[in-house]
Amino acid sequence: MNWGVLLFPGSNCAEDCFHVIDKVLGKPVSYLWHKDTELGDVDAIIIPGGFSYGDHLRPGAIAHLSPVMTSVKAFAEKGGLVIGICNGFQILTESRMLPGSLIQNKGIKFLCQDQSLRIENADTPFTSEYSKGDVVVLPIAHNEGNYYAKPETIVEMEGNNQILFRYCNVEGEVSNATNPNGSINNIAGIVNRTGNVVGMMPHPERSSDAVLGLSDGKGVFVSMLKYLEVKHGKDQ
Amino acid sequence: MSAKQSRVEEKLWIKAGLTDSEYELLTSHMKREPNTVELALYAQMWSEHCGYTHTRPLFKHFLTTGPRIVQGPGENAGIVDIDDDEVITFKLESHNHPSAIAPFQGAATGVGGIVRDILAMGAYPIASLNSLHFGHPGDAGHTRYLISEVVHGIGEYGNCLGVPTVGGELRFANAYKGNPLVNAMCVGYMKKSQIKKAIATGVGNSLMIVGNLTGRDGMGGASFASKDLDEENEEDRGAIQVGDPFMEKLLIEACLEVFEEDYVVGVQDMGAAGILSSSVETASKAGNGVEIDVALVPKREEAMRPEEVMISESQERMLLIVKKGKEERVNKIFHKWDLHAVVIGQVTDDGIYRVLEDGKPVAEVPVWSLMEAPTYILEGKEPAHLEKTRRFKNDDIEIPTDLNQVLLELLGSPDICSKEWVYRQYDHRVQMNTIVKPGSDAAIIRIKGRDKAIGMTMDSNGRYCYLNPRRGAQSIVAESARNQVVSGAEPIAITDGLNFGNPEHPEVYYQLEQSIIGLSEACRALDTPVIGGNASLYNQTPEFGAIYPTPIIGMVGLVKSLEHITTMEFKNEGDFIVLVGETKDELGASEYLDQIHDMITGDVPELDLELEQKTQAFILEIIRKCLVKSAHDLGDGGMAVALAESCLSGGLGAEVSFDLELRSDSLLFGESQTRFMLSADLEAADKIIDLAAEQGIEAATIGRINSGNQLIINNLDETLVDVSITDCDYAFKTGFDKMMKTNK
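Order-wise, the sequence lines are chains A and B.
According to this note's numbering, the first sequence is numbered sequentially starting from 1.
According to this note's numbering, the second sequence is numbered sequentially starting from 1001.
Here's what the structure looks like:
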């Protein structure tokens, strides 16, 4: 099971994602350089957080034009697993691989905190390790994490169970008071219609290594791994 | 009019910031009169900021060596050994004047500069901290603006770099109203074999400039930082640099990639006085000369004069001394990161600092003379206020009737209240090493793949140093070390930020000298050598006068096993609370006097450095024996505040009782030194008390943790405090927001 982590100028969570796959999951992982179009033999792609191209213009606006993204799109169209975290989510919306966009936090400030999330759909390759309604804690760290999409898009996504994570409190209550950044319907993470491309603002990699006091996010990577193992098994 | 005539009539050197005697000295070094380019070189290199003209003679007091010290002062940053052939490099730097005038850019470029110092050592930056001092935000909208912008600037730069901002401090006093302090610290990690030096060895090797283009921003920043802030230099906005964290991120990646190859013999960050000081320092260390052609420097502006190119403080630039013949390889790596690496000159053997413009010499001076800034040993005079403040007696004040209210007020007061408003704007988790987050006694950053971690702190207490510069400075070092040991870290070394007013004033010079003496005494006693630092003098304005003498201590400690990591919050109901150290009748200089009685007076609490060392060793010993569940040092606000903090962070109640013939406010809020608040289960608590007795250290079980919602403090059968944890929590967590909204 080979993993690839994209590397843009300004990516700063690539090493963290690499660390989790390499050391926590113990699986083969390599970096994919933004100027390359060859993805090699990867089964899953992580688009890490950071400030690709310094967030110039808009977060993700330049990165999504990189040569590597053409290949990532083709990979996803063939059913490959792609997860964009934080800036990676922004890159995925900019590239229209996911609907909507991420605008500035309602509090107009960068926000770094440990955040409770409610699992909304556990029936995806990214969330199978959880149960619907579980409350997990993942760190957030962003300035533009306020998810916005047209009302009809939101209705459609809600109807298709495309919302994976919502911001909540420790009891799992979802309300304006538990919404850190102003996202519509407290949306923290979504999946595309075909179920193989995820974007999320919270950082699952940062809560995958128990020594840091948080490990709820590991389930995202384990879910992906199990899905790939089953798929791989079937392929053979 | 000839150049000489104009100098005589206008005294150009005075305008450049040099004195008559300095001018005389440099002409004797040069054996002729300087031209305007040469004059600019001396003016920058001989400023306090570059030349440490007032502070250098005082540095002789410092202990700078020790078994773990790999590199003391003199490089971009000091280095300490953390075993396993791994080292930590760290340093702090001030960016006070730029932040006073352009707070966002001033603070942002402060972070950028210190990160490059760490990078120049060959290290990967693993964490940042900052120590900020402002006037009281309730007093002025301008102060609130400064706070918001400085925090925003630090966050924007550090977050983009992907270097976690993990700790520090934010303190307030009127003394900083006109001249805020912004000191940033960076910590880097590397293998011992990866250490780089700032040295220009090898005649014929190339000087390459990498990173950003050179413009007119930050012109004369070093000399700007070396004079008082007044309205006239409010106009020195040209002296403010503009930061580009994206460029810095690329610079980090590219430099570290280049360092992996054997192409580079020396590295220097371009900070104060830009190309000039970076190249002079590297040449001087090697005993060589250098030759730089300003025409080769990639610029972003037209028609820059040679001296402008040399002293520009454009950000995100580094100087590499590259082996002859390897220039193209270096350039290739930088090009991969969409950066340039351009040869601007070479190392020469004649000891001359030579600036060329299109091949024609425009300045030629001996390298050594630029490094030999004249030093000044002045006569200090004890500040007049000390005679009055020392006369303070505790009996001068009455004990407030409602001590619950006093505790709540202190918990919500500016220096003590939660700073979450600040640190949630900083990415403190990136790089996935942050085990103990901001808001603790010390930040704890792990070393991946090892059973060890690094403790990091930044501390100061301007009020203490104002009331007793020598003992105040000692107390800060002691407190930093306490913050390390309660977290499970063995203090290793410090970097110091000397923030003072204008040293040419005898009272300020006295504060400077006494503080340095105090610092060095404490560092010797606690075996934490000084491995580098920064001096920022001239922090004063005509309107508000000099700042408090504010030495800031950045300390690094080693946690030898992750098992030793200890935090302040109470863990389990039923555990016993142990107080280590003696509580005396000391209210002088306290936060309590300042906040509750509006008095900045009295003497700083006594400090016995020998006892401090012994007690700290004891605390570390019992933590390493895993006897301690929580540990907290008693600092601002004294025992009651420490108890409340441990309760509210753990969500538990506590009841403690004393039998002390002591004023109740001294017991609750006095800041007697060398005290620690621990919690442990019954068996461990007994062991702690026994071990303390064996070592002659005062320790007593004072009460227990419970699952209730009250903090109760009794003395001699009288209940002094009985306050709900919910109220404490509310006061602590809303204090900052309230302060930012108040308009007095």
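No residue lacks a Cβ here, since even glycine has one placed at the ideal position from N, Cα and C.
Being a predicted model, the structure only gives us computed values, none of them experimental.
- The shortest C-alpha to C-alpha distance from E1086(B) to any of I1565(B), I1195(B), N1572(B), I1712(B) is the one to I1195(B).
- Rounded to whole angstroms, the gap between the alpha carbons of I154(A) and M1(A) is 34 Å.
- Around the CB of P151(A), fewer than 16 other CB atoms lie within 10 Å, so the residue is classed as exposed.
- Look at Y1157(B): its C-beta is not under 8 Å from any C-beta on chain A.
- CA-CA distance, S71(A) to R1354(B), rounds to 52 Å.
- F110(A) belongs to the set of residues whose beta carbon lies under 8 Å from a beta carbon in chain B.
- Beta-bridge partners assigned by DSSP to E77(A): none are found.
- Ranked by Cα distance from I1252(B), the options V1343(B), K1299(B), I1209(B), V1115(B) are led by V1115(B).
- The region 1534–1549 of chain B makes no contact with the region 1066–1080 of chain B, as fewer than three CB pairs between them are under 8 Å.
- Straight-line measurement puts the Cα of N87(A) at about 12 Å from the Cα of I103(A).
- A Cβ-Cβ distance of about 18 Å is found for the pair N1179(B) and I1154(B), leaving them out of contact under the 8 Å criterion.
- When the Cα atoms are used, E1606(B) and L1562(B) turn out to be separated by approximately 34 Å.
- F1676(B) is bridged by DSSP to V1580(B), D1633(B).
- Interface residue (Cβ-Cβ distance to chain A less than 8 Å): I1553(B) is not classified as such.
- Between L1181(B) and N1288(B), the gap from beta carbon to beta carbon reaches 8 Å or more.
- Interface flag for P9(A) against chain B is set, since a Cβ pair is found closer than 8 Å.
- Nearest CB-CB separation between Q113(A) and chain B: below the 8 Å threshold.
- Counting along the chain, S1284(B) sits inside the alpha helix (DSSP H) bounded by residues 1274–1286.
- Within chain A, the C-beta atoms nearer than 7 Å to that of D1427(B) come from C112, A141, in chain order.
- Approximately 4 Å separates the beta-carbon atoms of E1316(B) and N1212(B); this is inside 8 Å, confirming the contact.
- Looking at the backbone, the Cα of A1522(B) and that of F1500(B) are separated by about 19 Å.
- At a cut-off of 8 Å between beta-carbon atoms, D209(A) makes contact with chain B.
- About 19 Å separates the Cβ atoms of L1587(B) and M1677(B), ruling out a contact at the 8 Å cut-off.
- Looking only at D1729(B), S1278(B), V1080(B), the smallest Cα-Cα distance to S1314(B) is reached by S1278(B).
- Residue contact check for L212(A) against chain B: a CB pair falls below 8 Å.
- Residue-level contact by beta carbon holds for F51(A) and chain B, with a gap shorter than 8 Å.
- According to the DSSP secondary-structure assignment, N1179(B) is paired through a beta bridge with no residue.
- Among the residues facing chain B, D16(A) is included, as its CB has a counterpart in that chain under 8 Å away.
- Annotation for K1741(B): the continuous alpha helix (DSSP H) segment containing it runs 1725–1741.
- Taking a Cβ-Cβ cut-off of 9 Å, the neighbours of N12(A) in chain B comprise N1159, C1160, L1161, G1162, V1163, K1249, D1427, V1430, Q1431, given in sequence order.
- In terms of CA proximity to G1637(B), L1668(B) leads the group L1611(B), R1663(B), L1668(B).
- For N1715(B), the closest of T1583(B), V1604(B), A1175(B), D1686(B) by C-alpha to C-alpha distance is T1583(B).
- With respect to chain B, the C-beta atom of R206(A) has a partner C-beta closer than 8 Å.
- The beta carbons of A1341(B) and M1247(B) sit no closer together than 8 Å.
- Within chain A, the residues placing a beta-carbon under 9 Å from that of I1435(B) are V211, L212, G213, ordered along the chain.
- Residue pairing of A141(A) in beta bridges, as defined by DSSP: C112(A).
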